[in-house]
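First residue of the sequence shown: 227, per our numbering; consecutive thereafter. Where is the CB? At the ideal position from N, CA and C, for every residue including glycine. Here the structure is a predicted model, which is why all the values come from computation and not from measurement. Encoded as structure tokens, the structure appears first; notes follow it.
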Amino acid sequence: MNGSKRTVGRPGRPGLAKHLLMPLPTEKIQALSLENHLALATVRGGRGDLDQLSCLIRVVYLAFYLRDATATSAEVEPYRRAEAALNACITRVELGERCLLLDHELATVERILVVHDEQLAAIPWHRYLDAWQRLQHYIVAGKRSPIATVVGT
Numbered sequence: 227m228n229g230s231k232r233t234v235g236r237p238g239r240p241g242l243a244k245h246l247l248m249p250l251p252t253e254k255i256q257a258l259s260l261e262n263h264l265a266l267a268t269v270r271g272g273r274g275d276l277d278q279l280s281c282l283i284r285v286v287y288l289a290f291y292l293r294d295a296t297a298t299s300a301e302v303e304p305y306r307r308a309e310a311a312l313n314a315c316i317t318r319v320e321l322g323e324r325c326l327l328l329d330h331e332l333a334t335v336e337r338i339l340v341v342h343d344e345q346l347a348a349i350p351w352h353r354y355l356d357a358w359q360r361l362q363h364y365i366v367a368g369k370r371s372p373i374a375t376v377v378g379t
């Protein structure tokens, strides 16, 4: 072979490079999980800012896009509640209050982080990259919320 990546194809679907069918490496999963949980811990401690909130909202949206990856992540409502909790925190920050999630908001967001950890351990690279592309599409399009689109609000 000349060093090119082999693709695995199915009828009617362009083939994916073999590495895209592999699970995410453990080191990648751990790094992503650490980043996400540190953002939550920083906000929990009242020392967060919009950077940590952006990280957490990104996790909520990625987890939402991957919600069919595990049995515990299929329902839409937990994502809607986590998004609402983070939006409420952002509103408080914009009003000059500390970047701090209320106890019930914290539990809601923390649940999504745990679900997302499970998703990352269960999905192949191509699913993760697809979720990222979908998230970037929403950001570039300036749309309000992928969750609201599904929920119909």
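Contact between L250 and W351 holds: their C-beta atoms lie close to 6 Å from each other, under 8 Å. Take the alpha-carbon of V269 and the one of R370: they are about 23 Å apart. For secondary structure counted as the alpha helix (DSSP H) over 4 or more consecutive residues, the segment 271-338 holds these complete runs in sequence order: 276-291 and 303-320. Below 8 Å, enough C-beta pairs join the segment 285-296 and the segment 352-363 to call them touching: three or more. Collapsing the DSSP output to three states places P372 in a helix. Apart from sequence neighbours up to five positions away, the residues of its chain that approach I255 with a beta-carbon distance below 7 Å are L346 and A347, ordered along the chain. Per the C-alpha coordinates, the member of R318, D343 and R353 positioned closest to G272 is R318.
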